[in-house]
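If you use the numbering used here, the sequence shown corresponds to residues 1307 to 2036, in order.
Since the structure comes first, as structure tokens, the remarks are kept for the end.
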Amino acid sequence: QSASELPVQKLPRAFFLFLGSLSVDKIVDQLQQFVQSYDLAALRDYWSYLDRRLFSRLEDVYRPTVNKLKTSLFRYYLVHTVQSGRNDKAQEFFLKQASELQNQAEWKDWFVLPFLPAPDSNPTFATYFSRQWADTFIVSLHNFLSVLFQLPVILNFEAECHRSSLIQEENESLRHKLFALQAESSRMKKEELEVEEAVVHHKLPAYVANMDRLGDSELDMTCSQRSTAHSLQSRGGFLSSFLSQSKKGPSRPAQPSGASPTQQHAASLGKKEPANHQSAKGKEGAVTCKDGKSHFSGLAAGESSSLQQRQKRLQEHGKERRELLSKGTFQGQSAEKKMDISTPETEPCSELQADQAETSAKMPTSGTEAVGVRQEQPFIVLSQEEYGEHHSSIMYCRVDCSGRRVASLDVDGVIKVWTFNPIMQTKASSISKSPLLSLEWATKRDRLLLLGSGVGTVRLYDTEAKKNLCEISIDEDMPRILSLACSPSGASFVCSAAAQSPISHMDFSAVSSGGKSMNQVPGKLLLWDTKTMKQQLQFSLEPEPIAINCTAFNHNGNLLVTGAADGIVRLFDMQQHECAMSWKAHEGEVYSVEFSYDENTVYSIGEDGKFIQWNIHKSGLKVSEYGLPSEATGPFVLSGYSGYKQVQFPRGRLFAFDSEGNYMLTCSATGGVIFKLNGEDKVLESCLSLGGHRAPVVTVDWSTAMDCGTCLTASMDGKIKLTTLLAQKS
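So, in structure tokens, the structure goes:
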């Protein structure tokens, strides 16, 4: 199987982006530069990086080739040091690489190289000192890398960037169209309501509303009369219902006592007056029709075009009726014959009444559908992307103040700084030798990260220069830096330090069986100056010093809220540097705290699985309380085969709010869940489930700096989902 047929469909997208950002010439030039500058450490690290990110993903058949190239690269370095007279660098090479190379047969004869007076004339090494061998090695390395880069077009980084930018532009265009459609929909609903109100206030009479049906029934009767060659004079005229009761013929049968006025009109229209022998009577009937026409025209003058069409049909029918009545034939018919003929003529009226009743029964339903407002989702999911550079469980995942960069930290001490607009790209990566327990962005000069370790130190990391600016020691007796929070002004930050816990992170049984919580140990809360990196003061923790799990500032930095392992929430006045109030909030530890949008209350999540809102103007006053499932509060458990179980206690933020504080994002077993706050019910209303994860989500964040809200959900398998939401304006 050739290299061009590698199973690239199994490789992650981040790997393709990594390949697309490189070129073969740059890789070879970089390796040669390290050799020329005698930078052995950089040479080893760079090759290890290539091996970890590129070569390790190849099939086993390519492993011998990779090992031979690595051996040749180190021999190329040694030959260069000897040729340039730097035997000290050659000895340094064997000193640092001895543990790795001493058991390899191909390196057995090379340990004497620095001590040979003329190695280039030695038969064992003469080949490697020739120009031909060096050129052959460089060409072989170049060709091998070129074959690897002959992967499908998906590895074309520039093309992918262009495609991504086009998608971003298309999303923006669709977003504007969506806003326009929403505005158009709102306008149409408003017009429909106005039309319905107008219909209610200016409802047509029943005989006008059903005029088209009346016309059809009369035409049917006229055709029936023509086919039987019977000519009859209308008892009261076609539009006799328009006339007063006193002008109607005396022979009109009485209506049932329970009939409605509408039914009475319809019944009267279905009756015909007997034919008259006098021609004057026929003329009077014609005049009556004309009067009826003019009356109808007056009613329909202000109505829609549909009513005008009905009027036209009725005019044509009136003309046909006048022609029929003017003939005056069959005038000697008996009254019994007339009654027999008039009887079936009432049948269309009964059908009309049934149709009218059916129509009136349907009207309320259609009116309700038009007026009723469909309940819409508060957010529209525009996109969801995955960041997969981490290979172990995430502890922290935070967006900076500008909303452009994300910093994420996993349990292996790997820090990633990455962007997601216009494309997802890693900007900085660092691996900590000591375990890291906390992470926070600096508010001023937001390129800086604060990193708290498990050995009592805090580091200031520059994400653009990709280096540590300084590292300070907090307290050797309390080495665990559990929480960091930078004030909005950027002048200072608070640091929570705690003693070592007697319970391991993985000893879940001790906690679940009712044992002492892992952070029930002494702790300190310290204030540090960001510029001088010196401690300013230590806060007093009453009733006893305890580990502080979480900290959060309000918008101007005048207030600081903390949640501790003893279940107490403390509110500090940062101008007086003292605790303003404190109260018992939870049974067990407090895992996460945040100020509300109006900053009149604070929210907290605790070990007892409760999500509680507290009034900060009255100590301990509970505004609302909700129960949350264990998958939203922790500890988080990831189970596997053969009884494998991984347990992680909460570290990062467990909930985050939208830009107006009306909705809350929390963790779940398969993704994030958005709840509506400030509801009347005592139960949180779930509005949207983001999903997309195969492992429990352990920390969340919600960035509202951009036009579209961005939700981050990070899980125990190292995957971070970035979901872009569009708020539905009510």
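We treat Cβ as the ideally placed atom computed from N, Cα and C, and that holds for glycine.
Q) What's the C-alpha gap between THR2029 and GLU1466? A) 20 Å
**Q.** Sufficient close CB pairs (3 or more, under 8 Å) joining the region 1428 to 1446 to the region 1377 to 1387
**A.** yes
**Q.** Rounded C-alpha distance that separates ILE1911 from GLN1690
**A.** 27 Å
Q. What is the DSSP secondary structure of LEU2031, reduced to helix, strand or coil?
A. strand
Q: Compute the Euclidean distance between the alpha carbons of ASP1706 and THR1749, then round it to the nearest angstrom.
A: Straight through space, the alpha carbons of THR1749 and ASP1706 are spaced by roughly 8 Å.
Q.
Suppose only complete runs of 3+ residues qualify. What are the beta strand (DSSP E) ranges in the region 1943 to 1986, listed by chain order?
A. 1951 to 1954, 1961 to 1963, 1969 to 1973 and 1978 to 1982
Q | Touch test, the region 1697 to 1712 against the region 2017 to 2024, Cβ-Cβ under 8 Å, three pairs minimum | A | yes
Q.
If I follow the unbroken alpha helix (DSSP H) through VAL1867, where does it start and stop?
A. Premise fails: VAL1867 lies in the beta strand (DSSP E), 1865 to 1870, not in any alpha helix (DSSP H).
Q: Please determine, among SER1390, GLN1397, LYS1402 and LEU1407, the residue with the shortest C-alpha to C-alpha distance to LYS1376.
A: The closest CA to that of LYS1376, considering only SER1390, GLN1397, LYS1402 and LEU1407, is found on LEU1407.
Q | ASP1964 versus SER1902: straight-line alpha-carbon distance, rounded | A | 10 Å
Q | Proximal residues to SER1793 (C-beta, below 6 Å), its chain only, five neighbours per side dropped | A | Contacts found: PHE1859 and GLY1863.
(Q) Mapping the DSSP letters down to three states, classify GLY1576 as helix, strand or coil. (A) Model confidence at GLY1576 stands at a pLDDT of 40, short of 50, so the residue's coordinates are unreliable; what they give is reported in the following sentence. Three-state result, GLY1576: coil.
Q.
Need the endpoints of the beta strand (DSSP E) that ASN1921 sits in, please.
A. Its beta strand (DSSP E) spans residues 1916 to 1921.
Q) Are the beta-carbon atoms of ARG1753 and THR1769 separated by less than 7 Å? A) In this structure, THR1769 lies closer than 7 Å to ARG1753 by Cβ.
Q) Can you list, in chain order, the residues of its chain whose CB lies under 6 Å from that of PRO1684, leaving out five sequence neighbours each side? A) The residues are CYS1993 and GLN2034.
Q) Going straight from the alpha carbon of ARG2000 to that of ARG1765, what length do you get? A) 33 Å
**Q.** Alpha-carbon to alpha-carbon, ARG1711 and GLU1913
**A.** 31 Å
**Q.** CA nearest to the CA of CYS1885, picked from LEU1832, TYR1897, GLU1905 and GLY1894
**A.** Looking at the Cα atoms, LEU1832 is the closest of the given residues.
Q. Where do the ends of the alpha helix (DSSP H) carrying TRP1439 lie?
A. From DSSP, the alpha helix (DSSP H) with TRP1439 extends over 1437 to 1454.
Q. Can you give the Cα-Cα distance for GLU1937 and ALA1348, rounded to whole angstroms?
A. 44 Å
Q: Counting only runs of 4+ residues fully inside the region 1736 to 1823, write out the alpha helix (DSSP H) ranges in chain order.
A: Those alpha helix (DSSP H) runs which fall completely within the region 1736 to 1823 and span 4+ residues are 1814 to 1818.
Q. Beta strand (DSSP E) containing LEU1384: first to last residue?
A. Run containing LEU1384: none in the beta strand (DSSP E); it sits in the alpha helix (DSSP H), 1369 to 1389.
(Q) Can you tell me which residues form a DSSP beta bridge with ARG1876? (A) THR1868 and SER1888
Q: Would you list the one or two residues that DSSP bridges to ARG1704?
A: ALA1713
Q | ASN1906 - DSSP class collapsed to helix/strand/coil | A | The DSSP-derived three-state label of ASN1906 is coil.
Q. Counting along the chain, where does the beta strand (DSSP E) carrying VAL1929 start and finish?
A. 1927 to 1933
Q) Can you give the Cα-Cα distance for THR2016 and ALA1396, rounded to whole angstroms? A) 53 Å
Q: Determine which residues share a DSSP beta bridge with ILE1686 and list them.
A: LEU2032
Q: Express the C-alpha separation of SER1479 and GLY1760 in angstroms, rounding to a whole number.
A: 48 Å
Q) Where does the unbroken alpha helix (DSSP H) through ASP1394 begin, and where does it stop? A) Run containing ASP1394: 1393 to 1407, per the alpha helix (DSSP H) assignment.
Q. Does the beta-carbon distance from TYR1693 to ILE2026 come in below 7 Å?
A. yes
Q: Starting from THR1857, follow the beta strand (DSSP E) in both directions and report where the run begins and ends.
A: 1854 to 1859
Q: Would you list the residues sitting across from ILE1721 in a DSSP beta bridge?
A: For ILE1721, DSSP records a beta bridge to LEU1715 and SER1736.
Q: Hey, could you find the ends of the alpha helix (DSSP H) LYS1332 is sitting in?
A: 1330 to 1342
Q. Which same chain residues, not among the five before or five after HIS1883, have their C-beta less than 8 Å away from its C-beta?
A. LEU1833, LEU1843 and PHE1845
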